[in-house]
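J.:
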Amino acid sequence: MDGPSSSGPRPYIRLTSQLKNATRHTGGEVRFRCEAIGTPPLSFMWLKNHAPIEKSRRVKVRNRENSSRLVITELDVLDSGYYQCIATNSAASVNTTSVLRVSIAIGSTSATPITL
3 MDGPSSSGPR
13 PYIRLTSQLK
23 NATRHTGGEV
33 RFRCEAIGTP
43 PLSFMWLKNH
53 APIEKSRRVK
63 VRNRENSSRL
73 VITELDVLDS
83 GYYQCIATNS
93 AASVNTTSVL
103 RVSIAIGSTS
113 ATPITL
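All residue numbers for the sequence shown refer to this note's numbering, where the first residue is 3 and numbers rise by one.
Okay, structure coming up:
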């Protein structure tokens, strides 16, 4: 008879939801939620156009055990882009991507000026 086995369940990770594309107006707000299950601990990272997102007064990230939420307030057209959530543990990394389109709200005076 063999001794106690040190090989427990194999580590795994899986997304339980996919990000959805979003269209918003300038001055508005968007919330993205990323959920995964797997062998703890899970870590989450957010990217915009393949670069790590920098938190700021307008950009907030809240991580929980099995989820992460990205909230961007006071949207500007420059917030448009590809947003990606990457969930990682000892088994692997999984990711989901969304496209955010921010359009100028009719009558808005807070839009970023465009020089032609």
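From the three backbone atoms N, C-alpha and C, an ideal C-beta is built for every residue, glycine too.
Quantities reported herein were computed from a predicted structural model and do not represent experimental measurements.
With burial defined as no fewer than 16 other Cβ atoms inside 10 Å of the residue's Cβ, what is the status of Tyr-85: buried or exposed?
T.: With 16 or more Cβ atoms within 10 Å of its Cβ, Tyr-85 is classed as buried.
J.: Our contact map puts Ser-19 next to Arg-35 with C-beta atoms below 8 Å; I'd like the distance itself, whole angstroms only.
T.: At roughly 7 Å, the Cβ-Cβ gap stays under 8 Å, so Ser-19 and Arg-35 are in contact.
J.: Determine the DSSP secondary structure at Leu-21, reduced to helix, strand or coil.
T.: Note: Leu-21 maps to coil in three-state DSSP.
J.: In the DSSP assignment, what residue or residues form a beta bridge with Asn-97?
T.: DSSP output for Asn-97 lists Ile-88 as bridge partner(s).
J.: For the beta strand (DSSP E) that Asn-68 lies in, which residues bound it at each end?
T.: Per DSSP, Asn-68 belongs to no beta strand (DSSP E) and is neither H nor E.
J.: Out of Ser-100, Ser-58 and Asn-91, which has the shortest C-alpha to C-alpha gap to Glu-76?
T.: Out of Ser-100, Ser-58 and Asn-91, Ser-58 has the C-alpha closest to the C-alpha of Glu-76.
J.: Can you grab the Cα-Cα spacing for the pair Leu-72 / Met-47, in whole Å?
T.: Rounded to whole angstroms, Leu-72 to Met-47 spans 10 Å at the Cα level.
J.: Would you identify the three-state DSSP class for Leu-77, choosing helix, strand or coil?
T.: The answer is coil: DSSP assigns Leu-77 none of H, G, I, E or B.
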